[in-house]
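According to my numbering, the stretch in the sequence shown is residues -19 to 173, in order.
A quick write-up on the structure given underneath.
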Amino acid sequence: MRGIEQIPWLYDALMRLAPGIERWRGQLVAEARGRVLEVGCGTGRGLPDYAKDVELFAFDINFESLYRAQRRREGARIVCASAEAIPFADHSFDCVVSSLVFCSVPDADRGLAEIRRVLKPDGRLLMLEHVQARSRFWAWLLDRIQPTWTRVSGGCHPNRDTVAAVQQAGFMIEEGSFRERGLMRWFVARIGD
Ligand SMILES: C[S@@+](CC[C@H](N)C(=O)[O-])C[C@H]1O[C@@H](n2cnc3c(N)ncnc32)[C@H](O)[C@@H]1O
-19 MRGIEQIPWL YDALMRLAPG IERWRGQLVA EARGRVLEVG CGTGRGLPDY AKDVELFAFD
41 INFESLYRAQ RRREGARIVC ASAEAIPFAD HSFDCVVSSL VFCSVPDADR GLAEIRRVLK
101 PDGRLLMLEH VQARSRFWAW LLDRIQPTWT RVSGGCHPNR DTVAAVQQAG FMIEEGSFRE
161 RGLMRWFVAR IGD
């Protein structure tokens, strides 16, 4: 069964109801520089907001979404691929961007290892993700609704601790880059020593 993430018109319609997320995503991608890879770009809502001079690559596992993505950014090189097997060479990007993706990637650890592989040693990972709640009650509730929401959304796990997963994958969060609002987290990470 297809979920919201696999139905491009529905995903776009719902996203228009979340202007705060749209704004944060726009601000995040605007920080990317150089040769940039967006992971799980979906319908490409972030693509118009990249700086004009970035060399932009993007991919998503859902082929249908990529028609919309391609229209949103002329010149971007867009492919259908999985985060667990990124089809690019080692150390080939200055920047990798992920917005609302690692809640859905089936093997998040594998996906993060792939991002490490394709990033240059001094490259940056820009992330906007929602994570498990801090409060015990909300965490309990998210755990309860997760199976149903994962089916309806088409893969999203609302109770993942993506910040911890990023750190466990060997990234260090840049001091001062971490922002949080409700369940949303924004940060810039680099490959640790
Ligand atoms: C919530 S949407 C976010 C889309 C876009 N990044 C945004 O900010 O609007 C999650 C996206 O992750 C993609 N996705 C899920 N698992 C993936 C995987 N293993 N590899 C690549 N993309 C994946 C989905 O197809 C979907 O387009």
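Glycine included, each C-beta is placed from N, C-alpha and C at the ideal position.
These figures come from a predicted structure and were not determined experimentally.
By DSSP's assignment, C21 forms no beta bridge with any residue.
In the DSSP assignment, R104 falls within the beta strand (DSSP E) that extends over L99 to H110. By the beta-carbon neighbour count (other beta carbons within 10 angstroms, threshold 16), V146 is buried. Scanning its chain for C-beta atoms nearer than 8 Å, with the 5 sequence neighbours on each side dropped, one finds around R52 the residues T23, G24, R25, L27 and P28, in chain order.
In chain order, E109, V111, I153, R165 and F167 place their CB closer than 8 Å to the CB of V143, counting only its own chain and leaving out the 5 sequence neighbours on each side. Applying a distance threshold of 5 Å between residue Cβ atoms and the heavy atoms of ligand 1 selects E(-15), G20, G22, R25, D40, I41, N42, S62, A63, S79, L80, V81, S84 and V85, given in chain order. Proximity of the region 60 to 75 to the region 9 to 20 meets the contact definition, three or more beta-carbon pairs being nearer than 8 Å. G(-17) and Q126 have their alpha carbons spaced roughly 14 Å apart. Taking a C-beta distance under 8 Å as the contact criterion, V76 and V98 qualify as a contact pair. In this structure, L122 is the residue among Q50, A56, A69 and L122 with its C-alpha nearest to the C-alpha of A113. In the three-state reduction of the DSSP assignment, S84 falls in the coil class, being assigned neither a helical nor a strand state.
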